[in-house]
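Undergrad: Here the sequence shown stands for residues 21 to 453, where the numbers follow the working numbering.
Sending over a structure as structure tokens; questions will come in a sec.
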Amino acid sequence: METKEFKIIDMSVEGEGIAKIGNEVYFIDGAVEGETVTAEIVKEKDNLHWGNMLKIIEPSFRRATPPCPYFGKCGGCKLMHLTDETQKLFKKLSLQRTIKKVTNFDIDVKETVCGKQKFGYRNALQLKVEKRDGQVFVGFFETKTHNIVDIDKCLICGDYSQKLISVIRQFVVDTDADFESVFANYYDGKLLVLVQTSSGKCDKTFYDYLKAQFEIVSLWSAKQFATSTLLNYKDAKCVAGDASEEILLCGLSINVTPLNFTQTNFEVAELMYKQIVSEVGKNKVVLDLYSGLGVTSVLFAQNQNYVCSVEYVENSVQAAKQMAQKYGVADILIANAGDCGKVLQTLNFTEKERENLVVFLDPPRKGAGKQVIDEIIKLAPKKVVYMSCSPTSLAKDLRDLSVAYDINYVQSFDMFPQTNSIESLTVLTLKTR
């Protein structure tokens with residue numbers, strides 16, 4: 021393998037250092053903007069090269085010392101070697117550059133909004149489990165491989181991860197259980213766990229192991245994914261403990277199971293939701309797309325809005341209806357189950373309602389897509405508020421929306437400190453014709 025010295029002039033959206041020699045571009049894993057490093061080139065394609073840093077000759081003021089012993093091996097945290105201020109800047113610029121690349125729009129993304137917790141903020145994790153050479157490995161996939169990095173604790177999850185990993189490892193050693201993956205959520209002392217096994221079954225004694233370390237436990241089991249998301253497990257069942265647990269988000273009490281999606285960083289999620297509710301305003305007709313458990317829908321309704329929500333996952337829709345009843349807004353919150361694109365084609369708003377219509381959407385990573393965007397444009401709401409977890413899919417949807425909408429602003433949020441994942445909020449207004 022070729023080894024060279026490089027001056028790092030920029031950072032990629034994946035968190036790699038970028039160097040250029042003539043027309044050749046190098047992406048150096050582990051390097052930071054402003055540094056001089058030596059690196060080993062491991063992959064080449066045309067004028068693009070990828071390498072692993074070997075030595076820092078001249079460090080950057082943007083570099084931090086990663087506190088995690090698994091950094092560089094585990095594929096989770098790609099920015100832990102950057103200072104907090106650099107991470108904020110990285111997310112702002114990455115979002116800005118991705119939008120520019122896809123749309124050619126020059127948008128000055130607002131400064132990244134951060135929470136106080138840089139570690140121990142994450143209330144969810146997915147652990148892989150493997151028995152190999154007489155040992156039990158519990159951890160995360162290694163960067164760009166399916167090899168498991170065996171860990172004792174995840175710093176961004178905090179203390180509960182250490183206890184959970186220890187329990188899983190001990191149980192598999194003791195019982196030779198056929199665990200493949202363990203999905204967990206932890207909310208204020210309440211642990212919700214779904215175990216994926218090759219048989220689809222989980223021995224109830226695992227519940228006893230968990231109860232020795234956690235006060236409140238809900239244990240579920242399943243055999244396989246129907247798709248790549250937990251929400252679509254078809255054979256999941258509760259093994260022990262209560263099937264659901266009550267959590268608190270934005271002042272709302274919500275019943276959740278391991279199959280429900282909730283934000284993984286409640287501190288930053290509440291900052292986002294507060295801004296979203298403010299942007300939507302009062303006395304509006306709000307179309308809440310991809311509404312999940314109905315948190316935003318109820319918040320909008322509590323703010324004196326008439327709300328029509330759409331969500332694909334049926335049990336989430338039922339949860340939203342129950343919450344609407346609980347908070348006394350069921351008469352002004354209509355929750356629809358189904359595909360957003362199809363449901364949008366069936367909705368009929370009066371002329372007065374359309375004049376007062378605001379759309380809020382929080383689509384999955386793949387984005388809303390052209391069908392949904394086209395339906396939004398047909399409805400012609402005065403304002404669109406878009407929450408996104410993927411800069412690339414956001415940029416594609418903004419490109420499609422731009423035929424009818426102007427972008428007021430784009431704001432980045434550091435929902436996932438230490439990682440290169442970027443959450444954002446975009447506000448658009450209907451063009452005057």
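Even glycine gets a Cβ: it sits at the ideal position worked out from N, Cα and C.
Reducing DSSP to helix, strand and coil, say where Tyr46 ends up.
TA: Numbered from its first residue, the sequence shown carries residue 46 at position 26. Three-state DSSP puts Tyr46 in a strand.
Undergrad: Would you report the Cα separation of Lys372 and Phe436, rounded to the nearest angstrom?
TA: Position 352 of the sequence shown, counted from the start, is the residue given in the question as residue 372. Position 416 of the sequence shown, counted from the start, is the residue given in the question as residue 436. Taking the straight line joining both Cα atoms gives about 40 Å.
Undergrad: For Val62, count the other beta carbons within 10 Å of its own beta carbon; 16 or more makes it buried, fewer makes it exposed. Which is it?
TA: What you label residue 62 is simply residue 42 of the sequence shown in a count that begins at 1. Burial call: exposed.
Undergrad: What first and last residue would you give for the beta strand (DSSP E) that runs through Gly387?
TA: Looking up residue 387 in the sequence shown gives position 367. Taken as a continuous stretch (DSSP letters only), Gly387 belongs to no beta strand (DSSP E), as it is neither H nor E.
Undergrad: Would you kindly work out how many angstroms separate the C-alpha atoms of Val52 and Val45, rounded to a whole number?
TA: Position 32 of the sequence shown, counted from the first residue, corresponds to residue 52. Position 25 of the sequence shown, counted from the first residue, corresponds to residue 45. In a straight line, the C-alpha of Val52 is about 15 Å away from that of Val45.
Undergrad: Could you tell me whether the region 352 to 361 touches the region 285 to 293, where touching means 3 or more Cβ pairs closer than 8 Å?
TA: Judged by Cβ distances under 8 Å, the region 352 to 361 makes no contact with the region 285 to 293, as fewer than three pairs qualify.
Undergrad: Going by the DSSP bridge assignment, what does Ser432 pair with across the sheet?
TA: As a working note, residue 432 is residue 412 in the sequence shown. Paired residue(s): Ser444.
Undergrad: Return helix, strand or coil for Gly361, following the three-state DSSP convention.
TA: Walking along the sequence shown from the start, residue 361 turns up at place 341. Helix.
Undergrad: Whole angstroms is fine: what's the gap from Gln295's alpha carbon to Lys224's?
TA: Within the sequence shown, the letter at position 275 stands for residue 295. Within the sequence shown, the letter at position 204 stands for residue 224. Cα-Cα distance, rounded: 43 Å.
Undergrad: Tell me which residues share the same chain as Ala344 and place their Cβ nearer than 8 Å to its Cβ, disregarding the 5 neighbours each side in the sequence.
TA: Sequence index remark: in the sequence shown, residue 344 carries index 324 (1-based). For Ala344, where only same-chain residues beyond five positions count, the Cβ hits under 8 Å are Gly314, Ser317, Val318, Ala321, Ala350, Leu353 and Ala355.
Undergrad: Whose CA, out of Thr439, Lys98, Leu68 and Thr103, lies closest to the CA of Arg83?
TA: Counted from its first residue, the sequence shown places residue 83 at position 63. Residue Thr103 is the option with its Cα nearest to Arg83.
Undergrad: Apart from the five residues just before and just after Ile442, which ones in its own chain have a Cβ nearer than 7 Å to its Cβ?
TA: What you label residue 442 is simply residue 422 of the sequence shown in a count that begins at 1. Lys111, Ser114, Leu115, Pro411 and Ser432, listed in sequence order.
Undergrad: Sort Asn335, Lys346, Ala39 and Cys360 by Cα distance to Cys328 and report the nearest one.
TA: What you label residue 328 is simply residue 308 of the sequence shown in a count that begins at 1. The residue with the shortest Cα to Cα distance from Cys328 is Cys360.
Undergrad: For Leu309, which residues from the same chain have a beta carbon less than 6 Å from its beta carbon, with the 5 sequence-adjacent residues on both sides left out?
TA: By 1-based counting over the sequence shown, the position of residue 309 is 289. Taken in chain order, the residues that qualify are Val330, Cys360 and Leu381.
Undergrad: Return yes when the Cβ of Cys94 is within less than 8 Å of the Cβ of Thr439, no when it is not.
TA: The residue you call residue 439 lines up with position 419 of the sequence shown. The residue you call residue 94 lines up with position 74 of the sequence shown. Taking 8 Å as the Cβ cut-off, Thr439 and Cys94 do not qualify as a contacting pair.
Undergrad: Grab the span of the beta strand (DSSP E) containing Ala39 for me, first residue to last.
TA: Here residue 39 refers to the residue found at position 19 of the sequence shown. It spans Gly37 to Ile41 - the beta strand (DSSP E) in which Ala39 sits, taken as one unbroken run.
Undergrad: What would DSSP say about Arg189, mapped onto helix, strand or coil?
TA: The count along the sequence shown starts at 1 and reaches residue 189 at position 169. Looking at Arg189 - three-state DSSP - the assignment turns out to be helix.
Undergrad: Since Phe14 contacts Gln146 with CB under 8 Å, what's their CB separation in whole angstroms?
TA: Within the shown structure, residues of the chain are numbered from 21 to 453, placing residue 14 beyond reach of any answer.
Undergrad: Return the bridge partner residues of Thr370 from the DSSP annotation.
TA: In the sequence shown, the residue the question calls residue 370 occupies position 350. According to DSSP, Thr370 bridges with nothing at all.
Undergrad: Do you know whose CA, among Leu448, Val215 and Thr163, lies nearest Val300's CA?
TA: If you number the sequence shown from 1, residue 300 lands on position 280. The shortest C-alpha separation from Val300 is found at Leu448.
Undergrad: Excluding the 5 residues preceding and the 5 following Val33 in the sequence, name in chain order all residues of the same chain whose CB lies nearer than 8 Å to its CB.
TA: Position 13 of the sequence shown, counted from the start, is the residue given in the question as residue 33. The residues are Ser114, Arg117, Thr118, Pro411 and Asn440.
Undergrad: Using a threshold of 8 Å, state whether the C-beta atoms of Met73 and Ile48 are closer than that.
TA: Within the sequence shown, numbered from 1, the residue matching residue 73 stands at position 53. Within the sequence shown, numbered from 1, the residue matching residue 48 stands at position 28. Yes, the pair counts as a contact, with Cβ atoms nearer than the cut-off.
Undergrad: Need the endpoints of the beta strand (DSSP E) that Thr132 sits in, please.
TA: On the sequence shown, position 112 is the one that residue 132 refers to. Segment Lys130 to Val133, the beta strand (DSSP E) holding Thr132.
Undergrad: Inspect the beta-carbon positions of Lys451 and Ala424 and report whether they are closer than 8 Å.
TA: Taking the first residue of the sequence shown as 1, we reach residue 451 at position 431. Taking the first residue of the sequence shown as 1, we reach residue 424 at position 404. Yes, they are a contact pair.
Undergrad: Along the chain, where does the alpha helix (DSSP H) containing Ser114 start, and where does it finish?
TA: Here residue 114 refers to the residue found at position 94 of the sequence shown. Note, Ser114: alpha helix (DSSP H), Asp104 to Thr123.
Undergrad: For the alpha helix (DSSP H) containing Arg83, name the first residue and the last one.
TA: Translated into the one-based positions of the sequence shown, residue 83 becomes position 63. No alpha helix (DSSP H) holds Arg83; DSSP gives it neither H nor E.
Undergrad: Excluding the 5 residues flanking Gly135 on each side, which residues of the same chain have their C-beta closer than 6 Å to its C-beta?
TA: Here residue 135 is taken as the residue at index 115 of the sequence shown, counted from 1. Glu287 and Val288.
Undergrad: First and last residue of the alpha helix (DSSP H) that includes Asn335?
TA: Within the sequence shown, the letter at position 315 stands for residue 335. Per DSSP, Asn335 belongs to the alpha helix (DSSP H) from Glu334 to Lys346.
Undergrad: Tell me the residue span of the beta strand (DSSP E) that contains Tyr206.
TA: To locate residue 206, count along the sequence shown from 1; it is residue 186. Element bounds for Tyr206: Phe199 to Tyr207.
Undergrad: Should Gln107 be labelled buried (16 or more other beta-carbon atoms within 10 Å of its own) or exposed?
TA: Looking up residue 107 in the sequence shown gives position 87. Buried: at least 16 other Cβ atoms inside 10 Å.
Undergrad: So which of Leu279, Asn275, Leu269 and Pro278 has the shortest CA-CA distance to Tyr293?
TA: Residue numbering aside, residue 293 sits at position 273 when the sequence shown is read from its first letter. Checked all of Leu279, Asn275, Leu269 and Pro278; the closest Cα to Tyr293 is Leu269.
Undergrad: Assuming Phe26 contacts Ala59 (C-beta within less than 8 Å), just tell me the rounded distance between them.
TA: One-based indexing of the sequence shown puts residue 26 at position 6. One-based indexing of the sequence shown puts residue 59 at position 39. Contact holds; Cβ gap of about 6 Å.
Undergrad: Nearest to Asp262 by CA position, among Ala242, Leu272 and Glu235, is which residue?
TA: If you number the sequence shown from 1, residue 262 lands on position 242. Closest option to Asp262, Cα to Cα, is Glu235.
Undergrad: Do Lys346 and Asn323 have their beta-carbon atoms positioned less than 8 Å apart in this structure?
TA: Against the sequence shown, residue 323 aligns to sequence position 303. Against the sequence shown, residue 346 aligns to sequence position 326. Their beta carbons are not under 8 Å apart, which means Asn323 does not touch Lys346 by this criterion.
Undergrad: Return the first residue and the last residue of the beta strand (DSSP E) that Asp170 is part of.
TA: Position 150 of the sequence shown holds residue 170. Looking at the DSSP string, the run of the beta strand (DSSP E) that includes Asp170 is Ile168 to Asp170.
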